[in-house]
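Visitor:
Protein chains in written order, with our numbering: chain A, 1 to 161; chain B, 1001 to 1684.
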């Protein structure tokens, strides 16, 4: 089955069996190594990607559904300037998730900042609900995302001036 | 791609071959035949008979087969491994392999075990229990059950092995790389010095990386020896969740004899633990369960009998520790139960039973620089425990124990406990922990250890920098393999922090003495060995079992959702005395993460906080803040650091269960307590 899509800004085409999940396709054929294949149930969020702008767990999506879509993985996001807001927020609060969940946490934080200019505790907790890795604590996580939101607001204000 | 994000399952080379394990499909039986599909050229399989050395994995003189020998002991036991150049094909061959069995029976379940299933017994006695029980007719009995807990989540685990130029090279993420080396050496029949284990990074664990990597590595090593190629074996996460370690089920029956004034004068405790099909770590688990169940109180007459039961479940051994928390859960819930029956405040009850002076563990170990009464007093004041407890008792007594009860259902609970670092000190298995620090030209310092962890590395850098006056940027934590790193033992229960940090300190002090006097490089190596029988007698359970202890007390306040019976956390207050604190922010962060983990375990993953929907009619945004988890530390402690990771599991569960009991008016004594269980009890 031919699957053509836009991955991190580049048009790519994959040939894959019908039953393949998107995470496996991206990991094996797309060489997207930041994706973690762990639960295959959409609960660990290690395989988070932006699919047409929405943050989704790629393990829950059949590969064929990604035809003609635009996908941004952590690798793609890393190239954008906006990830700096998230990373600055994390640094300010000394929030350092482990190597395994770091891409998922950065992607989720970025998604929060895209949707809320001033996220509250519940919006943050709700978004991170599925990430079970307990390498970091929740208070620092909340503070780190709020700090990131400050940088994002500043960036937007600067853009508007 | 930063190197950080490349893990074992991402690594693949053109010449690599892939292996998968075929597991048994029944819990117990004898294998009559194994039908492996016709394998094309380049593919082959191995069973236990093809192991060149010992087909065993051993820990502290207990062992289990690597690939099962004809008799299956649990469902999911590794029977054979198939490998070949195309991963998907190997997986398909494994799925199409048929194992036939002659018999199909399983051992009785844990609750109805027979004496023949008992795989280990350990006893602890002090004073004269029987005579005290005869003296009184006030006897209170309680049964405390902690259910099996599975890993909430895991990532692919495995190993890559290659045999080249007489060196067997293994890559794996293990908490105990030198055990990987030992196991591969025994299984492959080659000396340890011919095996190099490269330590891959790993994330937060539930101790599943203590033994499992040794199993995968040993199988991969045998396949690499046989094929002469690089072999990769990676287990899918769902198989790890299903067949790997779990927190064992533990049942503790406590009988307490009370004197006329209601004080506990004797306790008779029976502990049963399900250790699954193979008893690994049994002795350690029984010892730590006894230590926990013996509690911290000065009961002079105490008898504890702990049994490990063999069942047809997958081997259940260490899971976030060796069980001290489950023992303390029973002790703390039981003493609060007695306090309720005596109409007494739980803090007063605890104060009454603590030693007046010369504080000791029930095993006789003298406790220095720890004030248990201070912990209880501080936590009581900070949480306003006494007022809330009294108010909620009034609420409880006003309401009947039926479903129709209305209004606020609130409760509060308290617990105090301790945790030790690593394994208890076993004279016969004294594990050596070693550390090497080297001062090179331009004041570059390198710290070599097989331990893992970024936070730990930062603590070592800070410690070394402080002693030698160096900038942390000039200090390097050497990562590598078992041929260049000293054996730092298993990374287990904060022993990295307590033991290894002390060794870093000693090495740096040694370097400071010789600095500017000796030529560079100056190399200092220090080792730690557990003291002998005079300090801890592991057979009689006498003395001080751990090198360092951490203490803590917790109060948990909850409100039961009257409709869904979700326990909503109103507040958690904790105070920790973990000895010397190297990095208070790291300790606070680790403490909070572990508190959430403990709450998750004890509530069975229930929703513990109000959702946005619950606040839909509240306009004041400030009220929608999440409940605060209060963490305080006793600072300026001179004791060596004991770590914080295991502590919340010893104190949070009991405090939570007591709070639920008070809120619902029903006495709970199990972990987990889910809304379904609460509903069932209310209905009954």
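For every residue, glycine included, the Cβ atom is placed at its ideal position computed from N, Cα and C.
1) Identify every residue that forms a DSSP beta bridge with residue 1144/B.
2) In three-state DSSP terms, what is residue 1638/B?
3) Considering only residues of the same chain and omitting the five flanking positions on each side of residue 1059/B, which have a CB-CB separation below 8 Å?
4) Looking at chain B, which residues of the segment 131-149 of chain A have a Cβ within less than 8 Å of any of its Cβ atoms?
5) Mind pulling the chain A residues with CB within less than 9 Å of residue 1585/B?
6) Between residue 20/A and chain B, is any beta-carbon pair separated by less than 8 Å?
7) Output needed for residue 1428/B: all residues of its chain with C-beta closer than 6 Å, excluding positions within five of it in sequence on either side, in chain order.
8) Output the distance between the C-alpha atoms of residue 7/A and residue 1538/B, rounded to the nearest integer angstrom.
9) Can you tell me which of the three DSSP states residue 1469/B falls into?
10) Does the beta carbon of residue 1375/B come closer than 8 Å to any beta carbon on chain A?
11) Between the Cα of residue 60/A and the Cα atoms of 119/A, 5/A and 25/A, which residue gives the shortest distance?
12) Along chain A, which residues have their Cβ under 8 Å away from the Cβ of residue 1154/B?
13) I'd like to confirm the pairing. Which residues does DSSP put opposite residue 1438/B in its beta bridges?
14) Is there contact between the segment 1640-1650 of chain B and the segment 1496-1507 of chain B, where contact requires at least three CB pairs shorter than 8 Å?
15) Give the secondary structure of residue 1591/B by DSSP, where H, G and I count as helix, E and B as strand, and everything else as coil.
16) Determine the chain A residues that contact residue 1597/B at a beta-carbon separation under 8 Å, and present them in chain order.
17) For chain A, find out if any of its Cβ atoms is closer than 8 Å to the Cβ of residue 1260/B; answer yes or no.
18) Touching or not, the segment 1231-1248 of chain B and the segment 1298-1318 of chain B, by the rule of three or more beta carbon pairs under 8 Å?
19) Which partner residues of residue 1065/B appear in the DSSP bridge assignment?
20) What residues in the segment 101-126 of chain A have a beta carbon less than 9 Å from any beta carbon of chain B?
21) Measuring only between beta-carbons, confirm whether residue 1201/B sits less than 8 Å from chain A.
22) Can you tell me whether DSSP reads residue 15/A as helix, strand or coil?
23) Is the beta carbon of residue 1073/B less than 8 Å from the beta carbon of residue 1391/B?
24) Strictly by DSSP, which residues pair up with residue 1559/B?
25) Give me the residue from 1343/B, 1410/B and 1297/B with the minimum Cα distance to residue 1358/B.
26) Going by Cα to Cα distance, which pick from 1036/B, 1124/B and 1102/B is closest to residue 1091/B?
27) Could you name the residues of the same chain whose beta carbon sits closer than 6 Å to that of residue 1218/B, not counting the 5 residues immediately before and after it, in chain order?
28) Provide the residue(s) that pair with residue 1536/B in DSSP beta bridges, ordered along the chain.
29) So, at 6 Å on beta carbons, what are the nonlocal neighbours of residue 1234/B in its own chain, with the 5 sequence-adjacent residues on each side left out?
30) Considering just the uninterrupted stretch of the alpha helix (DSSP H) at residue 1178/B, what are its terminal residues?
31) Could you work out which residue in 1168/B, 1198/B, 1153/B and 1051/B is closest to residue 1175/B when comparing CA atoms only?
32) Strictly under 8 Å for the Cβ-Cβ distance: is residue 1589/B near chain A by that measure?
33) Could you tell me whether any Cβ in chain A is nearer than 8 Å to the Cβ of residue 950/B?
34) If we define contact as Cβ-Cβ less than 8 Å, is residue 1428/B a contact residue for chain A?
35) With H, G and I counted as helix, E and B as strand and the rest as coil, what does DSSP make of residue 110/A?
36) Assign residue 1648/B to one of two classes, buried (16 or more other C-beta atoms within 10 Å of its C-beta) or exposed (fewer than that).
Guide: A quick look at the data gives this:
1) Residue pairing by DSSP puts residue 1144/B in a beta bridge opposite 1252/B.
2) Collapsing the DSSP output to three states places residue 1638/B in coil.
3) Apart from the 5 residues on each side of it in sequence, residue 1059/B sits with its Cβ closer than 8 Å to the Cβ of 1179, 1211, 1280 and 1281 in its chain, given in chain order.
4) Within the segment 131-149 of chain A, 132, 133, 134, 135, 136, 137, 138, 139, 140 and 142 place their CB atoms closer than 8 Å to a CB of chain B, listed in sequence order.
5) Chain-order list of chain A residues neighbouring residue 1585/B: 94 and 140, by C-beta distance under 9 Å.
6) No, its Cβ sits nowhere closer than 8 Å to a Cβ of chain B.
7) At residue 1428/B, the pLDDT of 48 sits below 50, so the modelled position is not reliable; the number obtained from the coordinates is stated separately. Same-chain partners within the cutoff: there are none.
8) If I take the Cα positions, the gap works out to 60 Å.
9) DSSP places residue 1469/B outside both helix and strand once states are collapsed to three, so it counts as coil.
10) No, residue 1375/B lies away from the interface with chain A (no Cβ there is under 8 Å from its Cβ).
11) Comparing Cα positions, the closest option is 25/A.
12) Simply 38.
13) Residue 1438/B is bridged to 1446/B and 1523/B.
14) Contact holds: three or more Cβ-Cβ distances are below 8 Å.
15) In the structure shown, the three-state DSSP call for residue 1591/B is helix.
16) Simply 134.
17) For residue 1260/B, the answer is no, since every Cβ of chain A falls outside 8 Å of its Cβ.
18) Result yes; three or more Cβ-Cβ pairs closer than 8 Å.
19) Looking at the DSSP assignment, residue 1065/B forms a beta bridge with 1056/B.
20) So the close ones are 101, 102, 103, 120, 121, 122, 123, 125 and 126.
21) Closer than 8 Å to some Cβ of chain A, the Cβ of residue 1201/B qualifies, so yes.
22) Three-state DSSP puts residue 15/A in a strand.
23) Against a cut-off of 8 Å, the Cβ pair of residue 1391/B and residue 1073/B comes out as no contact.
24) In the DSSP output, where bridge partners are listed per residue, residue 1559/B has 1410/B and 1568/B.
25) Nearest option by C-alpha distance: 1297/B.
26) Of the listed residues, the one whose Cα sits closest to residue 1091/B is 1036/B.
27) Hits under 6 Å: 1066, 1183, 1184 and 1187.
28) Beta-bridge pairing links residue 1536/B to 1543/B.
29) Closer than 6 Å at the Cβ level, and outside the excluded window around residue 1234/B, lie 1009, 1156 and 1158.
30) That run of the alpha helix (DSSP H) goes 1177-1188.
31) It is 1198/B whose Cα lies nearest to the Cα of residue 1175/B.
32) Using a Cβ-Cβ cut-off of 8 Å, residue 1589/B counts as an interface residue toward chain A, since at least one Cβ of chain A sits closer than that to its own.
33) Residue 950/B lies beyond the residue range present for chain B, which begins at 1001 and ends at 1684; the question has no answer from this structure.
34) With a pLDDT of 48 at residue 1428/B, under the threshold of 50, the predicted position of this residue should be treated as unreliable, though the coordinate-derived value follows. Not closer than 8 Å to any Cβ of chain A, the Cβ of residue 1428/B fails to qualify, so no.
35) Of the three classes helix, strand and coil, the one that applies to residue 110/A here is helix, per DSSP.
36) Counting Cβ neighbours within 10 Å, residue 1648/B comes out buried, since at least 16 surround it.
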